[in-house]
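> Taking this note's numbering, the leading residue of the sequence shown gets 3, the next gets one more, and so forth. The structure that follows is given in the form of structure tokens.
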Amino acid sequence: MNRNTNFDQLPDRYLFKEIAVRAAAYTQLHPEHHLLRMGVGDVSLPLPGAIIDAMHQAVDELAHAETFRGYSPEEGYEWLRQAVIDHEYTPRGIDLDIEEVFISEGAGSDLGNLSELFLDHNTVAILDPSYPAYIDSSIMAGREVISLPCTIENGFIPELPKQKVDIIYLCLPNNPTGTVLKRAELQRWVDYAIANKSIIIFDAAYEAYISEEDIPHSIYELEGAKQVAIEVRSFSKSAGFTAVRCGYTVVPKQTGLQAMWLRRQCTKFNGTSYVAQRAAQATFTPEGKQGIEVNLAYYKQTAQMIADGLRALGYEVYGGKNAPYIWWRVPQGYDSWSFFDHLLNNCQIVCTPGIGFGDAGHGFVRFSAFSNRKDVEEALKRMKTLA
Ligand code: PLP
């Protein structure tokens with residue numbers, strides 16, 4: 003057996019594990035302190051009633067012989083794929099064939115698994131900082147990675163790669179910086195991909211948080227994108243499905259990859275749970291939509307509170323407007339882990355160190371709008387005394 007030694011190139015510990023280890027060590031030493039978890043990427047509000055009702059009904063169907071279901075089709079049930087097209091794409095003038103929509107158990111696994119469609123010697127361009135799945139799965143495959151820094155200097159808007167790259171991961175709105183690209187800016191990436199025969203893997207997990215005009219919600223709003231882009235979406239952050247597990251990936255036939263992805267899924271994926279798919283379908287009903295809007299409004303308000311609160315304390319913060327994340331430039335004299343420790347030890351606040359998202363995250367920490375509102379208020383109070 004020759005094990006995959008590419009794994010040796012991965013950072014020692016997965017970011018969130020390291021955070022958990024440090025927070026647990028602090029709690030063990032100071033059990034009397036309540037930690038305020040301001041960095042979490044996980045949602046905190048319960049699911050809307052309409053979605054819970056749909057899940058109950060789906061469970062009941064499984065309890066009776068006449069309505070029992072076994073495996074779902076690998077690509078997902080047609081009623082959900084059609085609902086995705088009707089509610090997410092048709093209203094934006096995007097025409098998709100149902101065979102191009104694949105229901106998943108969330109974006110995370112598809113973002114990793116899509117990598118199997120490409121030979122290992124492809125070069126990959128990844129925004130720095132970025133959600134770790136793109137770089138980790140590229141390293142696991144032994145690919146050459148070209149980093150595209152997103153810094154204060156360039157307004158967190160990456161420059162196009164100077165050389166030809168084969169695969170480009172774009173996450174917009176961005177986790178962790180909260181950056182979005184305007185229509186014309188994103189069109190440049192699509193044009194680059196067409197000119198260089200590259201593929202864009204477009205992670206739109208935070209699309210529901212876009213609040214400004216002229217920001218595309220889907221890459222397929224751009225001219226020519228269906229030739230060169232795969233779009234990965236999730237119900238996790240839009241509808242609170244981090245535990246339920248459901249998302250979808252669009253692989254247009256024009257990319258030449260749709261049949262390959264179907265083949266891959268049929269071999270290695272036995273479909274998303276029936277209950278999760280019925281829950282996802284309920285997000286498109288009027289009651290489901292209303293419930294989701296209430297939760298999204300709450301998170302958006304929390305994001306605004308954090309950003310305003312930190313600015314009022316004199317800190318330099320970015321994001322929070324079209325994304326649930328606030329990207330905080332740490333005060334001089336700190337790096338992202340030492341500031342993490344500083345906040346933990348002096349305010350009992352747990353944040354996410356920016357360095358965990360790439361080298362360009364070195365002088366930043368990430369705060370999240372998914373944090374408990376009372377904890378946010380308390381955290382802002384505690385930080386008033388921060389030296
Ligand atoms: N993409 C981004 C940018 C994320 O931040 C996350 C989760 O935090 C995911 C994908 C994965 O989401 P899912 O729960 O759908 O696997």
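Each residue gets a CB set at the ideal place from its N, CA and C atoms; glycine is no exception. Computed from a predicted model, the values in this text were never measured in an experiment.
Start and end of the alpha helix (DSSP H) containing Y300?
288 to 314
> If we ignore side chains and look at the alpha-carbon of each, how far apart do D205 and K255 end up?
When rounded, the distance between both Cα atoms is 18 Å.
> Helix, strand or coil: which one does DSSP assign to A195?
helix
> Cβ of S139 versus every heavy atom of the ligand FMN: is any distance shorter than 7 Å?
Inclusion of the ligand FMN in the displayed structure is not the case, the ligand content consisting of the ligand PLP alone.
> Consult DSSP for R39 and reduce its assignment to one of helix, strand or coil.
strand
> Looking at C-alpha atoms only, which residue of V277, S149, A241 is the closest neighbour of Q292?
A241
> Since A278 and R247 are thought to touch, with beta carbons under 8 Å apart, how far apart are those beta carbons, to the nearest angstrom?
That belief holds up - the Cβ atoms of A278 and R247 are roughly 6 Å apart, short of 8 Å.
> Going by Cα to Cα distance, which pick from E223, E380, Q189, T387 is closest to H36?
E380
> Helix, strand or coil: which one does DSSP assign to A231?
strand
> So, is T69 buried or exposed, given that buried needs 16 or more other C-beta atoms within 10 angstroms?
exposed
> Please confirm whether any heavy atom of the ligand PLP lies closer than 7 Å to the CB of C152.
no
> Grab the span of the beta strand (DSSP E) containing G249 for me, first residue to last.
249 to 252
> If we ignore side chains and look at the alpha-carbon of each, how far apart do I169 and F359 end up?
19 Å
> Please determine whether the Cβ atom of A282 lies at a distance below 7 Å from any heavy atom of the ligand PLP.
no
> Nearest-angstrom Cα distance between N156 and Q59?
50 Å
> Could you tell me the alpha carbon to alpha carbon distance between K239 and E63, rounded to whole angstroms?
27 Å
> Say yes only if the C-beta of A109 is nearer than 7 Å to one or more non-hydrogen atoms of the ligand PLP, and no if none qualify.
A109: yes, Cβ under 7 Å from the ligand PLP.
> I'd like the span of the beta strand (DSSP E) that includes V126, first residue to last.
Residues 125 to 130.
> Tell me the residue span of the alpha helix (DSSP H) that contains E20.
17 to 31
> From C268 to A284, what distance separates their C-alpha atoms?
26 Å
> Ignore the nearest five residues each way along the sequence and tell me which others in R71's own chain have a CB closer than 6 Å to its CB.
Y276
> Quick check on T354: does DSSP put it in helix, strand or coil?
strand
> Can you give the beta carbon distance from D377 to R39, rounded, assuming they're within the 8 Å contact cut?
7 Å
> Closest to E161 by C-alpha separation, out of I137, S139, R145, Q189, would be which residue?
Q189
> Pull up the CB-CB distance for T354 and G78, whole angstroms please, since I reckon it's below 8 Å.
32 Å between Cβ atoms; not a contact.
> Enumerate in chain order the residues of its own chain whose CB-to-CB distance from I212 is below 7 Å, with the five nearest sequence positions on each side excluded.
P175, V182, H219, N324
> Please classify E107 as buried or exposed, where buried requires at least 16 other C-beta atoms within 10 Å of its C-beta.
buried
> Quickly, what does DSSP pair Y91 with across the bridge? List them, please.
DSSP, once it has assigned bridges, lists no residue as partnering Y91.
> Just to confirm, is the Cβ distance from S117 to D130 under 8 Å?
Contact flag unset, no.
> Take every Cβ of the region 307 to 318, pair it with every Cβ of the region 124 to 140, and state whether three or more of those distances are shorter than 8 Å.
no
> Taking the CB atoms as reference points, tell me whether W330 and F369 lie closer together than 8 Å.
yes
> Hey, is N124 close to the ligand PLP, as in C-beta under 7 Å from one of its heavy atoms?
no
> Work out the CA separation of H364 and N348 for me, nearest whole Å.
21 Å
> Nearer than 7 Å: is that true of the beta carbon of C349 relative to any heavy atom of the ligand PLP?
no
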